[in-house]
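Residue numbers (the working numbering): 108 to 224.
The C-beta atom is built at its ideal place from N, Cα and C for all residues, glycine as well.
None of the values given here were measured: they were computed from a predicted structure.
Beneath this line is the structure, given in structure tokens, with notes to follow.
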């Protein structure tokens with residue numbers, strides 16, 4: 108596996124940014140969304156997750172599932188999608204969302220676990 112170094116942002120610059128809520132049950136109405144990591148904070152305790160809302164037809168982000176072990180951080184972003192064929196006026200909307208970890212990232216790999224079909 109190829110590892111790309113993460114951008115580092117100052118924790119003070121994102122201190123007041125809202126964090127994604129951690130949810131334990133995604134429920135039948137929610138779907139997993141694709142995401143990428145934008146950066147980690149300089150204290151190694153938070154991640155910036157980038158989600159392309161427009162490309163994935165996302166109406167809202169409802170929360171995340173997050174679990175951690177010694178080698179990995181498993182992250183799933185749960186969303187509600189817009190109904191099919193609904194007219195949209197925005198051409199592109201990309202969101203940067205903050206996620207707090209329970210401990211330092213410390214070189215662990217951040218992955219999106221597979222979801223059941």
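- Task: Quick one: using the 10 Å Cβ neighbour count with 16 as the cut-off for buried, is residue 168 buried or exposed?
- Result: buried
- Mind checking residue 141: buried by the 16 CB within 10 Å criterion, or exposed? exposed
- Item | Beta bridge counterpart(s) of residue 153 as assigned by DSSP | 207
- Task: For residue 131, I'd like the list of residues in its chain whose CB is within less than 8 Å of its CB, leaving aside the five on either flank, ordered along the chain.
- Result: 172
- Query: Ends of the beta strand (DSSP E) at residue 212?
  - Reply: From DSSP, residue 212 is part of no beta strand (DSSP E); its letter is neither H nor E.
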